[in-house]
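In the UniProt record's numbering, the protein residues as written are 1 to 328. A short worksheet on the structure shown next.
Encoded structure:
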């Protein structure tokens, strides 16, 4: 088979076309230049005949036309001829269709081997990077899970700390901080609504001697029993029972006047006398100071109400203990 017969045939008319374009430009360029020179002369002063003017114009047209044709030849026609010659050479070149012609040279084969080896190394590196990325994602997922668990545990600890900050650890009652907040809140509400608010300070009699006789563990168990009794006796949603520290407790009774609070506290004293202490050891009594705010007997502040209850407790202690004293 003749390989040259498979190549596309060259165009024999290409040189004739370039020659035709050249002759057309040689006619069109001087004509266009003459028109341009005439328009310029007319715009400068009309077509009045001047001696030697037409001769100068003719030479100018020839000079400008020659310059333009040289530029067109150098910048357009000559590159077109080279391009046409290159196309003809490419079209006439034989195609390597046989395996022998298409086989690479030894140098090309070595280069292809190097390229193949480099590509295999790149693929191996990409695979390793993908494995590393997957392992990193697994570690990040585990770290995220551990972080969420730690966050949950931290929130639980914060809630527990907040609860401990407002709760007495031994008895489970409200502590001094929680009671102070409740006292301010309920006192303002009683003032705003012109309502009633009773406050009782409850102190165990001779509790230090009780501890010395029966031991601190029995004393702590006794405090827990008394706290449970207080929580049972004052069980309205609005009641607040707290341990102020040591053997001193307090009860805040919104909506109670002096008479209602006195009746409840006398029942509390009776219940305490019959309270069975741990291991049946000993007995305890309480002294109570009671103050009550009402529209008929107002107090200037929550601190004033608390001070009145403390003064009543002081009177009960010095009057012989195991009694309830009312604030004046």
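Just so you know, even glycine gets a beta-carbon here, dropped at the ideal spot from N, CA and C. Since this is a predicted model, take the numbers as computed values, not measurements.
Roughly how many whole angstroms lie between the Cα atoms of residue i and residue j?
{"i": "residue 152", "j": "residue 145", "result": "11 Å"}
{"i": "residue 55", "j": "residue 40", "result": "16 Å"}
{"i": "residue 154", "j": "residue 168", "result": "22 Å"}
{"i": "residue 180", "j": "residue 283", "result": "30 Å"}
{"i": "residue 229", "j": "residue 266", "result": "13 Å"}
{"i": "residue 238", "j": "residue 254", "result": "6 Å"}
{"i": "residue 330", "j": "residue 149", "result": "For residue 330 there is no data in the structure shown, the boundaries of the chain being 1 and 328."}
{"i": "residue 43", "j": "residue 82", "result": "42 Å"}
{"i": "residue 320", "j": "residue 291", "result": "19 Å"}
{"i": "residue 115", "j": "residue 129", "result": "21 Å"}
{"i": "residue 158", "j": "residue 123", "result": "52 Å"}
{"i": "residue 275", "j": "residue 199", "result": "23 Å"}
{"i": "residue 71", "j": "residue 111", "result": "47 Å"}
{"i": "residue 220", "j": "residue 156", "result": "28 Å"}
{"i": "residue 135", "j": "residue 113", "result": "33 Å"}
{"i": "residue 59", "j": "residue 80", "result": "30 Å"}
{"i": "residue 26", "j": "residue 57", "result": "18 Å"}
{"i": "residue 318", "j": "residue 205", "result": "11 Å"}
{"i": "residue 190", "j": "residue 141", "result": "55 Å"}
{"i": "residue 121", "j": "residue 139", "result": "27 Å"}
{"i": "residue 127", "j": "residue 133", "result": "10 Å"}
{"i": "residue 188", "j": "residue 143", "result": "50 Å"}
{"i": "residue 194", "j": "residue 147", "result": "52 Å"}
Looking only at C-alpha atoms, which of the options sits nearest to residue i?
{"i": "residue 211", "options": "300, 223 and 200", "result": "223"}
{"i": "residue 243", "options": "254, 226, 73 and 313", "result": "226"}
{"i": "residue 247", "options": "270, 77 and 208", "result": "208"}
{"i": "residue 183", "options": "306, 220, 323 and 32", "result": "306"}
{"i": "residue 165", "options": "70, 177 and 157", "result": "177"}
{"i": "residue 245", "options": "173, 141 and 69", "result": "173"}
{"i": "residue 23", "options": "143, 73, 121 and 277", "result": "73"}
{"i": "residue 241", "options": "194, 187 and 175", "result": "175"}
{"i": "residue 322", "options": "270, 295, 117 and 20", "result": "270"}
{"i": "residue 258", "options": "213, 308, 277 and 132", "result": "308"}
{"i": "residue 218", "options": "277, 192, 188 and 186", "result": "277"}
{"i": "residue 69", "options": "28, 296 and 185", "result": "28"}
Please list, in chain order, all residues of the same chain as residue i whose beta carbon is under 8 Å from its beta carbon, the five residues on each side excluded.
{"i": "residue 62", "result": "30"}
{"i": "residue 21", "result": "77"}
{"i": "residue 310", "result": "201 and 289"}
{"i": "residue 185", "result": "none"}
Apply the 10 Å Cβ neighbour rule to residue i and answer buried if 16 or more other Cβ atoms are within range, or exposed otherwise.
{"i": "residue 171", "result": "buried"}
{"i": "residue 137", "result": "exposed"}
{"i": "residue 125", "result": "exposed"}
{"i": "residue 215", "result": "exposed"}
{"i": "residue 66", "result": "exposed"}
{"i": "residue 232", "result": "exposed"}
{"i": "residue 118", "result": "exposed"}
{"i": "residue 304", "result": "exposed"}
{"i": "residue 268", "result": "buried"}
{"i": "residue 329", "result": "For residue 329 there is no data in the structure shown, the boundaries of the chain being 1 and 328."}
Skipping 5 residues on each side, what residues in its chain have a beta carbon closer than 6 Å to that of residue i?
{"i": "residue 202", "result": "249, 286 and 288"}
{"i": "residue 361", "result": "Within the shown structure, residues of the chain are numbered from 1 to 328, placing residue 361 beyond reach of any answer."}
{"i": "residue 328", "result": "none"}
{"i": "residue 251", "result": "200, 234 and 241"}
{"i": "residue 33", "result": "61, 64 and 65"}
{"i": "residue 294", "result": "196 and 257"}
So, for residue i: in the same chain, excluding its five sequence neighbours on each side, which residues have a beta-carbon less than 7 Å away from its beta-carbon?
{"i": "residue 50", "result": "Low per-residue confidence applies at residue 50: pLDDT is 46, beneath 50, and the placement is therefore not dependable, though the value from the model is reported in the following sentence. If we look at residue 50 and ignore the five residues flanking it on each side, it has no Cβ neighbours."}
Determine whether the Cβ of residue i lies closer than 9 Å to any Cβ atom of chain C.
{"i": "residue 70", "result": "The structure shown contains no chain C; it is built from a single protein chain."}
How do the region 298-307 and the region 256-269 stand: do at least 3 beta-carbon pairs fall below 8 Å, yes or no? Taking 8 Å as the limit for Cβ pairs, the verdict is that the region 256-269 does not touch the region 298-307.
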